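K.L.:
Quick one: the structure is below, questions incoming.
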């Protein structure tokens with residue numbers, strides 16, 4: 007029995023299953039390249055966006071956040087939690103979904119899973135930053151932390167700035183083995199390293215993406231010489247950092263959205279007036295990137311709502327045809343907006359006309375409006 | 007092809023169609039009575055809730071808002087728009103959906119349409135307020151404004167405080183005819199009135215629920231004598247009011263959440279320090295309701311997040327069995343959380359093993375990870 011009057015207002019939904027199909031259908035590398043293009047486009051028009059602080063609900067076990075943004079044509083928000091204890095019960099510590107809506111009507115135009123998509127947009131965003139900040143001719147990236155984000159970073163960096171060799175290190179050798187296995191046949195040279203120092207030595211780009219939820223020193227001051235690019239992904243919430251503050255003091259620091267990065271990024275270790283540059287200023291050409299070949303550029307990446315917006319916009323454009331979404335009957339579209347009860351009564355009448363002789367069980371029984 | 011590893015984390019989804027079935031299956035009146043019970047329970051523990059201001063994104067055509075709240079066990083947020091011009095294209099001016107989540111894990115436990123449910127919770131909430139504020143032995147309600155909310159109010163008020171006669175008036179006679187038609191056979195006496203004055207004269211309860219988006223005087227000072235209860239529903243955003251300020255000055259005013267009602271309610275016409283009482287204080291017994299039989303009690307109702315929370319909680323309890331929801335694959339649950347790319351690769355391998363001889367078309371082709 008389908009009793010809704012008008013299914014015209016149904017909302018496309020990209021499930022986890024659809025997202026996996028979409029990513030595999032497009033190909034991980036091409037997906038990352040195209041998504042990086044969308045992110046870069048949105049960085050270029052950064053000032054068109056409403057930039058709101060995230061709205062957080064804290065509890066003893068974790069946090070639930072809503073992250074809205076809008077460019078005046080589309081509106082998006084992301085729902086995301088952070089619950090470290092979830093790992094004990096086999097659940098994700100971070101799960102996310104999101105909605106894209108049409109600003110002109112306020113109607114949602116896309117509901118999507120965002121766990122897989124966040125992993126992809128994080129890697130694509132890092133590649134955009136590196137394209138603007140890494141030394142010209144970079145070929146080798148050292149990566150410390152070989153968790154879920156690692157391989158996406160490796161693939162994205164080959165796609166965009168031309169990195170063809172990736173050195174991997176993790177305190178857990180099983181994580182490195184997993185990454186080596188997943189990257190086999192991906193067209194880049196993958197070298198497991200015996201230490202963090204070995205992974206980053208001589209690399210033009212250094213990526214840190216560990217998961218430890220505390221102040222750590224993944225990157226010690228003696229590990230970083232002049233002239234490289236540091237892509238610092240893992241330090242992304244209060245109390246969680248990866249890079250020694252002396253490196254931060256030697257580096258030129260680039261961030262996404264300063265009010266958020268002051269709280270969540272590596273720069274929470276520095277004075278609140280320490281100078282940094284927002285990446286959009288480099289992307290638009292409003293300011294220079296690295297000031298010289300001997301400088302260290304450091305991208306203090308924490309994740310920002312506009313990058314999710316870009317990812318949603320990309321997915322929205324790519325699912326217009328094909329088996330990568332279904333339609334959800336999420337928004338009521340009454341046949342007569344002033345007559346919501348009438349819509350219910352007509353639906354009941356249609357149902358009764360359609361199945362006059364059917365015995366309804368108690369759960370499906372369409373009771374009287376005035377039943378008591 | 008279903009390639010997701012573990013569908014165990016799927017989220018129940020109540021579509022518009024499901025909601026209609028659920029409401030008809032339970033019966034509109036019983037639904038309203040039970041929902042009023044949930045709302046009253048949550049008013050009774052009002053101080054347990056996080057009460058956040060709504061997060062609004064304004065645009066020339068309207069507004070999109072997120073309304074979160076939590077009682078420490080569950081978290082909910084509502085997405086709602088307000089776009090007056092939508093009516094021209096046959097769309098809803100207000101459409102809504104919402105999510106209930108488990109605070110302990112951060113996982114969503116319910117996604118639901120909220121257009122039909124909002125209409126029901128608004129009526130149920132009005133009935134809760136009237137139970138505490140209306141004169142004892144109230145039998146007759148006069149209603150000005152016979153749009154979508156009208157009949158739900160009429161049904162809810164019979165269910166809770168015992169109103170059995172409803173007088174209806176709308177400037178559009180077709181709206182009144184629609185309401186009379188929909189309420190036929192509902193067990194209450196329904197009287198179309200020739201004017202607003204005729205509808206409210208001698209009624210113990212007066213409900214205003216017009217849709218006009220401006221300061222109106224639906225209820226003039228001479229229409230209201232002593233001793234009644236005014237249920238003011240329609241004035242619910244800046245610039246939209248229904249009740250003459252002189253009535254407000256004579257009445258004892260009750261509100262949901264004062265910081266929001268100051269901006270959105272009838273009391274936007276009064277000084278910002280005009281005394282009012284939050285309804286939860288009356289429900290808990292912390293303060294009296296009406297101070298005497300000759301007083302006018304006025305419930306300045308604008309809609310608050312906790313009422314949506316109550317409605318979600320009710321629906322969540324009622325859909326545990328039965329055909330009133332489906333499961334959405336909204337949150338990724340990787341077989342190994344550190345191995346998101348591996349999950350994709352394994353899904354591709356399973357798919358290839360399952361359909362070895364199948365010719366894929368270009369859109370379904372599962373391309374190489376490193377395709378370029």
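Chains as they are written, first to last, in our numbering: chain R, 7 to 378; chain A, 7 to 378. Where is the CB? At the ideal position from N, CA and C, for every residue including glycine. This one's a predicted model, so the numbers in the text were calculated from it and none came from an experiment.
1. At the 7 Å Cβ level, is residue 174 (chain R) part of the contact set with chain A, yes or no?
2. I want to see whether chain A comes within less than 7 Å of residue 360 (chain R), judged by CB atoms only; does it?
3. Within this structure, are the beta carbons of residue 388 (chain R) and residue 305 (chain R) separated by less than 7 Å?
4. Under three-state DSSP, which class holds residue 342 (chain R)?
5. Check whether the Cβ of residue 162 (chain R) lies closer than 7 Å to any Cβ atom in chain A.
6. Determine the burial state of residue 95 (chain A): buried for a count of at least 16 other Cβ atoms within 10 Å of its Cβ, exposed for fewer.
7. Just to make sure I have the definition right: I need the residues of chain R whose C-beta is within less than 8 Å of the C-beta of residue 88 (chain A). Which are they?
8. On the premise that residue 173 (chain A) lies in contact with residue 5 (chain A), defined as a C-beta separation below 8 Å, what is that separation, rounded to the nearest angstrom?
9. Could one say the Cβ of residue 79 (chain R) lies closer than 7 Å to chain A's Cβ atoms, at least one of them?
10. CA-CA distance, residue 104 (chain A) and residue 72 (chain A)?
11. So, is the C-beta of residue 144 (chain A) closer than 7 Å to a C-beta in chain R?
12. Listing by chain order, which chain A residues have their CB less than 7 Å from the CB of residue 188 (chain R)?
13. Could you check whether the Cβ of residue 131 (chain R) sits closer than 7 Å to any Cβ belonging to chain A?
14. Over what stretch of residues does the beta strand (DSSP E) that includes residue 249 (chain A) continue unbroken?
15. Can you confirm whether the stretch 32-48 of chain A touches the stretch 26-33 of chain R when touching is taken to mean that 3 or more C-beta pairs between the two stretches lie within less than 8 Å?
16. Which of the three DSSP states, helix, strand or coil, is assigned to residue 164 (chain A)?
17. Are there 16 or more other CB atoms within 10 angstroms of the CB of residue 238 (chain R), so buried, or fewer, so exposed?
18. Across the stretch 202-217 of chain A and the stretch 141-152 of chain A, are there enough close Cβ pairs to call them in contact, namely three or more that are closer than 8 Å?
19. Identify the contact partners of residue 202 (chain A) in chain R, using a Cβ-Cβ distance below 9 Å as the criterion.
20. Under 9 Å, CB to CB, which of the residues in the stretch 300-334 of chain A have a partner in chain R?
21. Residue 200 (chain A) by DSSP, collapsed to three states: which one?
22. Buried or exposed for residue 366 (chain R), going by 16 or more other Cβ atoms inside 10 Å?
23. Kindly identify the DSSP beta-bridge partner or partners of residue 243 (chain R).
24. Taking 7 Å as the threshold (beta carbon to beta carbon), is residue 51 (chain A) in contact with chain R?
25. Figure out for me which residue from A:54, A:218, A:59 has the closest Cα to the Cα of residue 80 (chain A).
26. Rounded to a whole number of angstroms, what is the C-alpha to C-alpha distance between residue 234 (chain R) and residue 295 (chain R)?
27. Is the shortest distance between the beta-carbon of residue 73 (chain A) and the beta-carbons of chain R less than 7 Å?
28. Strictly under 7 Å for the Cβ-Cβ distance: is residue 94 (chain R) near chain A by that measure?
29. Alpha carbon to alpha carbon, how far is residue 88 (chain A) from residue 106 (chain R)? Give it in angstroms, no decimals.
30. Tell whether a beta-carbon distance below 7 Å holds between residue 161 (chain R) and residue 202 (chain R).
31. Less than 6 Å between C-beta atoms, sequence neighbours within five positions excluded: which residues of the same chain meet that for residue 130 (chain R)?
32. Does the contact criterion of 3 or more C-beta pairs under 8 Å hold for the stretch 263-272 of chain R versus the stretch 167-183 of chain R?
33. Taking 8 Å as the cut-off, does the stretch 213-231 of chain A touch the stretch 242-250 of chain A (at least 3 CB pairs, one atom from each stretch)?
34. How about the stretch 116-123 of chain R and the stretch 19-31 of chain R: do they share at least three Cβ pairs that are nearer than 8 Å?
35. Could you tell me which residues DSSP pairs with residue 64 (chain A) in its beta bridges?
36. Determine the direct distance from the alpha carbon of residue 262 (chain R) to that of residue 286 (chain R), and round the result to whole angstroms.
P.N.:
If we stick to the structure as given:
1. no
2. no
3. Given that chain R is displayed from residue 7 to residue 378, the structure contains no residue 388 (chain R) and the question cannot be resolved.
4. coil
5. no
6. exposed
7. 112
8. Lying before the first or after the last residue shown, residue 5 (chain A) is absent from chain A, which here runs from 7 to 378.
9. no
10. 9 Å
11. no
12. 347, 348, 351
13. no
14. 247-249
15. no
16. helix
17. buried
18. yes
19. By Cβ distance, chain R contributes nothing, its closest Cβ being about 18 Å from residue 202 (chain A), past 9 Å.
20. 327, 328, 329, 330, 334
21. coil
22. Note on residue 366 (chain R): pLDDT 36, under 50, position unreliable in the model; no value is reported.
23. R:246
24. no
25. A:54
26. 13 Å
27. no
28. no
29. 16 Å
30. no
31. 38, 41, 42, 45, 162
32. no
33. yes
34. yes
35. A:69
36. 7 Å
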